[in-house]
Structure formats: structure tokens, C-alpha cells
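Accompanying notes for the structure given below.
2 protein chains.
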Amino acid sequence: MVPQKIQDIKVAVDAVIFGYFDKKDLQILLIKRSIDPFKGGWAIPGGLVLDHENLEEAVRRELQEESGIKPDFLEQLYTFGNVDRDPRNRVVSVAYLGLVNPSYHELFADSDAEDAQWFSVHKLPKLAFDHQNIIDIALKRLRTKIQYQPIGFNLLNEEFPFSDLENLYRTIIGQEIDRRNFRKKIMSYGLLNETKNVKKEGSGRPGKLFTFNQEKYKEWEEQGFYFEIK
Amino acid sequence: MVPQKIQDIKVAVDAVIFGYFDKKDLQILLIKRSIDPFKGGWAIPGGLVLDHENLEEAVRRELQEESGIKPDFLEQLYTFGNVDRDPRNRVVSVAYLGLVNPSYHELFADSDAEDAQWFSVHKLPKLAFDHQNIIDIALKRLRTKIQYQPIGFNLLNEEFPFSDLENLYRTIIGQEIDRRNFRKKIMSYGLLNETKNVKKEGSGRPGKLFTFNQEKYKEWEEQGFYFEIK
DNA sequence: TCAAAAGTGTTGACTTTACACCCATGG
DNA sequence: CCATGGGTGTAAAGTCAACACTTTTGA
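Okay, here's the thing in C-alpha cells:
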């Protein structure tokens with residue numbers, strides 16, 4: 001196929017992990033680099049793939065090592081392979097997009113990173129390598145994807161008031177939505193199970209709590225829906 | 001980030017190239033391997049990335065070398081990185097999806113391949129490596145994508161009768177479509193420019209020839225449309 | 001004049017949008 | 001009783017689906 005000249009390219013994985021805290025912005029997980037290049041700078045988690053592990057295993061391991069996070073949803077995003085991405089070697093990096101409910105995960109920085117933190121997508125620090133570009137692409141994908149697959153639920157608590165879902169969509173899409181029409185649409189998909197519980201905290205009338213229906217989720221995940229928000 | 005143990009993984013690119021001949025099935029470009037493993041077997045074009053070239057450059061070079069094809073449309077599909085993909089080394093392969101109008105491209109097998117041929121997606125030979133899997137994923141992507149982006153035009157001649165577009169959709173989606181509704185919908189997007197020419201060959205009433213509107217294409221490519229075919 | 005493919009409209013069903021007031025609770 | 005957020009319906013506009021006959025050409 002190709003002359004067997006020795007190839008000098010490294011393979012890495014990186015992860016853009018989104019988390020959502022109610023009433024706040026959409027957040028992204030960043031780690032502070034403990035080694036050069038960009039030592040002390042912020043970057044998305046990631047690292048070189050080990051010889052014996054599959055790509056997704058590699059991302060999960062790196063996430064674990066660098067931040068303690070185990071994402072609920074994780075899918076391949078895009079592979080970045082330009083020759084000048086890394087000042088040391090040529091590195092081809094397979095980027096993943098992950099979703100996490102941060103209230104179920106404690107963040108800690110392990111050996112491989114000096115620190116790990118959530119940052120609002122609107123207030124990101126300057127990032128190492130081409131990571132800002134990777135995040136931009138991830139955000140675009142998330143915004144598109146949430147409109148035809150029910151992945152948003154991965155960011156919410158197991159039981160959540162309807163308004164959480166509403167705010168999540170508002171936040172991710174960055175656009176006002178009509179509460180009545182939104183509720184009708186979501187309800188029509190049959191994705192939500194009503195529980196008998198109600199939200200306690202906060203002022204105002206307590207909202208019913210919902211869980212989401214895993215079977216319906218799978219159905220809609222496969223066939224997709226069309227959910228344009230006006 | 002990660003201990004600098006020497007990594008032993010190779011980086012390759014592969015391409016699933018679709019071509020469409022009027023009145024025929026959708027076709028895929030395959031090459032006959034001239035080296036082991038799978039020597040003499042059929043595979044999708046591809047090969048190792050050179051140190052100094054970007055990923056997309058690598059695919060284009062390999063396609064050129066192995067078949068003489070320069071795809072009109074080419075985008076990254078997915079990266080396949082399981083540990084056991086290749087019996088020799090570990091190879092991570094970045095797969096691309098390409099579209100070509102075969103009547104504008106002569107196929108030839110160059111030094112790197114014994115032969116290069118179009119195969120109907122419905123009559124593929126047994127394929128090397130995990131290439132059948134890659135093709136399955138590419139087909140799925142093509143079928144989905146053609147329903148929200150106007151990429152189909154890349155498969156047609158520069159001037160084409162409306163029925164070509166119709167048949168193309170029928171073929172790719174593998175489903176009957178309503179001619180009247182289809183035409184209305186496509187026309188409403190403003191993607192087509194009517195020419196003064198008509199199709200000559202074939203029996204029956206000659207059809208007007210159309211070209212497609214590059215500017216509108218770009219618009220719709222970015223914003224996407226929603227085109228479910230019933 | 002026949003066969004083959006091109007071209008073309010309308011109606012009813014359904015879906016989407018726009019829009020505002022009352023309700024339940026806690027302080 | 002006030003503030004806060006939760007919960008709900010309807011009508012008009014727009015879009016989609018279903019459906020069949022006429023036109024143009026070449027043989």
C-alpha cells in the first residue's frame with residue numbers, strides 16, 4: 001500500500017466534556033497542564049494512546065487520571081491531524097465529546113494534572129494547542145445534536161423538574177424558547193415519566209419531578225427527531 | 001500529560017468513495033491489494049500518512065496513487081482505532097467519505113494497487129480488514145446526510161435532467177419517492193438553475209437540464225434543511 | 001399511434017406558531 | 001397578600017401527504 005518508511009506520528013485522544021449546573025452556564029472541563037509545552041496553561045483533558053488500548057478506553061482512562069470524571073455519554077467528535085498541532089512531535093488527536101452531570105462527579109486533579117476545573121463556555125481561559133478550535137467544533141456539534149437526539153438528559157439529575165430541561169435547552173442553544181410549545185413537543189415524544197415527587201427548593205409553585213424513559217430514549221436516539229426551536 | 005514511553009501505533013487514512021452512474025446502483029471504489037496482508041483481496045483505498053502531510057492531503061494522495069480519482073466532495077467520516085484492526089501493527093485509521101461523478105474521472109490502477117474498480121453497494125466482494133464495517137458506516141452517513149445537506153449534487157453531471165436527481169435520491173435512500181412532492185420541495189430550495197438545454201438521449205419527452213446553484217448550495221450546506229422523504 | 005418519460009395543482013390532514021392567564025407554594 | 005415560578009389551551013397559518021392526467025418526443 002505504502003512504502004514502509006518509519007512513520008513518526010503520535011496518536012492521542014482528547015475530550016471536550018460538557019457539564020451543566022442548574023441556573024448556570026454550560027461548563028467545560030479543563031485541566032491545568034503540569035508539563036511543558038504550555039506548562040501551567042489550561043487544556044482539555046487527553047493524552048497519548050497506549051499500544052494495547054482502544055481509543056475510547058484511552059479517553060476514559062485519561063479522564064479518570066486527570067479529573068476523576070466518568071462521562072455518561074461519550075462519542076467521537078473529530079480527528080485533528082494537522083502537521084503543526086504540537087510543537088514537539090506530530091500528533092494526530094482523536095477528539096471525543098462527552099456529557100456529564102457534574103453533581104454526580106467529584107472533580108479532582110490527579111498526578112497528571114495540576115488542577116481540574118469547570119469553566120463557563122463563555123469565559124474560557126486561553127487554551128493550549130488547538131484546543132479552542134476543538135471546543136468550538138464540539139459546541140457546534142452539541143448544539144446541532146441536541147436538536148435531533150435526546151442526549152440532553154445525560155446532563156440532568158435523575159429526577160428533574162421540567163424547567164431544568166427547559167433551561168438546559170435555552171442554555172445550549174443560546175436562544176429563548178416558548179415554554180408551552182416546548183413542553184408540548186417534549187411530552188409528545190413520550191420521553192418523560194412523571195414521578196410523584198415535587199421539587200422542594202426554591203420559591204414559587206413546586207414543579208413535578210420527571211425521570212426519563214430509557215427505552216424511548218433508545219428509540220429516539222436511533223431514529224432521531226426533528227426539533228427545531230423557534 | 002502521559003509518560004513518554006515509545007508508542008507503536010501507525011496512522012493511516014482510508015476513503016469510502018461513492019460514485020453514481022445514471023440508471024445504476026450506487027457504486028463504491030475498491031482497489032485490489034498488491035501486497036500482503038490480504039494480497040489480491042479488495043479493499044477501500046488508503047494507506048499510511050506521511051510525516052509532513054495533513055490528513056486530508058494524505059487521503060487525496062492515496063486516492064490519486066491508487067485510482068486516479070480526485071473527489072469533488074470529501075469529508076472526514078470516523079476514526080477507527082481498535083487494537084486488532086490490522087494483523088501486522090496497530091493502525092489507527094482516519095476514514096473519509098467522498099463523492100465523485102464517475103463520468104468525469106477515469107479509473108486506473110497505479111503502482112500501489114493491482115486494480116481499481118467500481119462495485120455496486122449491493123454486490124461488494126469480501127473485503128480486507130474491517131473495511132466492510134467502514135463502508136456500512138459511510139453508507140449510513142451518506143443516507144442521513146443527503147437528507148439535510150445538498151451534497152447529492154456532487155454525484156451528478158454538471159447539467160442534469162431533474163429525473164437524475166430523483167433517481168439518485170431513490171437509489172441512495174433505497175425508497176420510492178413522490179415525484180411531484182419531491183420536485184416541489186427541491187425547487188423551493190432554489191438550488192437549481194434551469195438551463196435552455198434539454199436531454200437528448202433516451203425515449204420519452206426530453207427533460208430540461210438543470211445546473212445547481214453554488215451560492216444556494218453553500219447556504220443550505222451551512223444551515224441544513226430538513227428533508228424527510230415519504 | 002403508441003410507448004416512454006416529463007411536467008404539473010389541489011385538497012384535506014396535520015403541525016407549528018403565537019400568545020396570556022391562573023395556580024400553588026413559602027415568606 | 002405578595003412574589004415566584006409552574007402549569008395549561010386555542011385559533012390561525014403554514015406545511016405536508018396523497019393523488020392522476022396531460023404533454024412532448026422518437027420510433
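Protein chains in written order, with full-length UniProt numbering: chain A, 1 to 230; chain B, 1 to 230.
Cβ coordinates follow ideal geometry from the N, Cα and C atoms, glycine included.
Are the beta-carbon atoms of residue i and residue j separated by less than 9 Å?
i, j, result
"A138 (chain A)", "W42 (chain A)", "no"
"N197 (chain A)", "F73 (chain A)", "no"
"I134 (chain B)", "V11 (chain A)", "no"
"L209 (chain B)", "K199 (chain B)", "yes"
"R183 (chain A)", "F160 (chain A)", "no"
"D14 (chain B)", "I44 (chain B)", "yes"
"L29 (chain B)", "Q117 (chain B)", "yes"
"A95 (chain A)", "S67 (chain A)", "no"
"W220 (chain A)", "Y189 (chain A)", "yes"
"G81 (chain A)", "L55 (chain B)", "yes"
"L142 (chain A)", "F18 (chain A)", "yes"
"I146 (chain A)", "I186 (chain A)", "no"
"T211 (chain A)", "E166 (chain A)", "no"
"I35 (chain B)", "L99 (chain B)", "no"
"D22 (chain A)", "D164 (chain A)", "yes"
Let me see if you follow: with CB-CB separation under 9 Å, is residue i close to chain B or not?
i, result
"G81 (chain A)", "yes"
"E53 (chain A)", "yes"
"E228 (chain A)", "yes"
"V16 (chain A)", "no"
"D8 (chain A)", "yes"
"V100 (chain A)", "no"
"V11 (chain A)", "yes"
Are any of the Cβ atoms in chain A nearer than 9 Å to that of residue i?
i, result
"L48 (chain B)", "yes"
"D22 (chain B)", "no"
"Q149 (chain B)", "no"
"R90 (chain B)", "yes"
"D136 (chain B)", "no"
"Y189 (chain B)", "no"
"Y78 (chain B)", "yes"
"V94 (chain B)", "yes"
"V198 (chain B)", "no"
"V2 (chain B)", "For V2 (chain B), the predicted structure reports a pLDDT of 45, less than 50, and the residue's modelled location is therefore unreliable. The matter cannot be settled from this model."
Any heavy atom of the ligand SAH closer than 8 Å to the Cβ of residue i?
i, result
"L142 (chain A)", "The ligand content of the structure shown is nil, which means the ligand SAH is not present either."
Is residue i buried or exposed, if buried means 16 or more other CB atoms sit within 10 Å of its CB?
i, result
"G40 (chain B)", "exposed"
"P125 (chain A)", "exposed"
"residue 232 (chain A)", "Examination of residue 232 (chain A) is not possible in this model, given that chain A is present from 1 through 230 alone."
"T79 (chain A)", "buried"
"S103 (chain B)", "exposed"
"G202 (chain A)", "exposed"
"Q27 (chain B)", "buried"
"N101 (chain B)", "buried"
"F108 (chain A)", "exposed"
"V2 (chain B)", "Legend: pLDDT at V2 (chain B) = 45, less than 50; position of this residue unreliable, no value from coordinates given."
"D178 (chain B)", "exposed"
"residue 235 (chain B)", "Chain B is shown only over 1 to 230; residue 235 (chain B) falls outside these bounds and no answer can be derived."
"I6 (chain B)", "exposed"
"R90 (chain A)", "buried"
"D136 (chain B)", "exposed"
"G204 (chain A)", "exposed"
"H131 (chain A)", "buried"
"P37 (chain A)", "exposed"
"S120 (chain B)", "exposed"
"R60 (chain A)", "buried"
Would you grab the beta carbon distance between residue i and residue j for me? Rounded to a whole angstrom, and I think it's under 8 Å.
i, j, result
"D115 (chain B)", "K32 (chain B)", "4 Å"
"Y148 (chain B)", "Y226 (chain B)", "6 Å"
**Study point:** Within the UniProt domain "Nudix hydrolase" (8 to 143) of chain A, ranges of the beta strand (DSSP E) (whole runs, at least 3 residues)
**Key:** Taking only runs of at least 3 residues, the beta strand (DSSP E) segments lying wholly in the UniProt domain "Nudix hydrolase" (8 to 143) of chain A are 9 to 20, 26 to 33, 46 to 48, 73 to 80, 90 to 100 and 113 to 120.
Check your understanding: At which residue ranges does the region 179 to 217 of chain A contain complete alpha helix (DSSP H) runs of 4 or more residues, listed in the order of the chain?
Key -> Taken in chain order, the unbroken stretches of alpha helix (DSSP H) that lie wholly in the region 179 to 217 of chain A and span 4 residues or more are 179 to 188.
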